[in-house]
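This report refers to the structure that appears directly beneath it.
Residue numbers (our numbering): 1055 to 1315.
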């Protein structure tokens, strides 16, 4: 049986939700980075499996990638560390776009690290970066209104559960405001977004499922190394490009691992 709990992007609810699961008790907890940190603070005995886009060592989830120790291990798809490559793709598609916007929820540790890397990459390439810290659908709508008035040439959508859960709104507003955007996951492109570059979140959770099965059969999280993504895909949506009035350069099309018609 699987027990599910949702914080609805209210981080302060996580400790109570985790405590409830620990008291039941459950055999293993599967969580994103923020929920996994809350779970680690709540129990040293219940196995915890995480999926994160940042460095789990820096986040304090594990002691090391090869030897996690304790009751925590999982999968890192290192989305935040791909900032430089993502900006490079944006520059190839919009070479005249000197003003880049970044939309992200900065409450998450992985998002803070990603924002710093995007800022450094933008400065190195001589681009101006405008960062929008968003925490609600209203914040997203306000951010797009500001982008439209500020001459933003392209949009970098940051990693995190918040942006992922609002992907339909984000892709719709990007199209409505004619702003080319690059997203962290394929799921955004499948929802109508222009393009994404990153690891497969579906594969990350599949790997966590395999680890959960091994733990339920008696293995310890401390003996299971953190799995790191090694394959990153560039996905394009041709219908989204047409809606934005974009002609995709051959050099950009040649980079694509998948093209959605």
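Built from N, CA and C at the ideal position, the CB exists for glycine as well.
Outcome for residue 1140 when other beta-carbon atoms lying within 10 angstroms are tallied against a minimum of 16: buried
(Q) Between which two residues does the alpha helix (DSSP H) holding residue 1219 run? (A) 1215 to 1219
task = Note down the Cα distance separating residue 1266 from residue 1082, rounded to an integer number of angstroms.
result = 7 Å
- Item | Cβ pair count under 8 Å reaching 3, the segment 1184 to 1201 against the segment 1247 to 1259 | no
Practice task
Could you tell me which uninterrupted beta strand (DSSP E) segments, each at least 3 residues in length, are contained entirely in the segment 1152 to 1212, listed from first to last along the chain?
Solution key: 1153 to 1158, 1182 to 1187 and 1208 to 1211
**Item:** Within 8 Å, strictly: CB atoms of residue 1167 and residue 1108
**Value:** yes
With a threshold of 16 other CB atoms inside 10 Å of the CB of residue 1125, please say whether the residue is buried or exposed. buried
- residue 1089 versus residue 1118 - alpha carbon distance: 19 Å
Euclidean distance between Cα positions of residue 1189 and residue 1160 = 9 Å
Would residue 1072 and residue 1103 qualify as a contact pair, given that the criterion is a beta-carbon distance under 8 Å? no
Cβ of residue 1197 within 7 Å of any heavy atom in the ligand FMN?
-> In terms of ligand content, the structure shown is empty, and the ligand FMN therefore cannot be addressed.
Nearest neighbour of residue 1314, chosen from 1304, 1123, 1298 and 1247 [CA to CA]: 1247
Item to check | Member of 1289, 1298, 1176 and 1217 whose CA lies at the smallest distance from the CA of residue 1311 | outcome: 1289
| Under 8 Å between the Cβ atoms of residue 1211 and residue 1238? | yes
Compute the Euclidean distance between the alpha carbons of residue 1255 and residue 1213, then round it to the nearest angstrom. 11 Å
Out of 1283, 1079, 1156 and 1092, point me to the one whose CA is closest to residue 1061's CA. 1092
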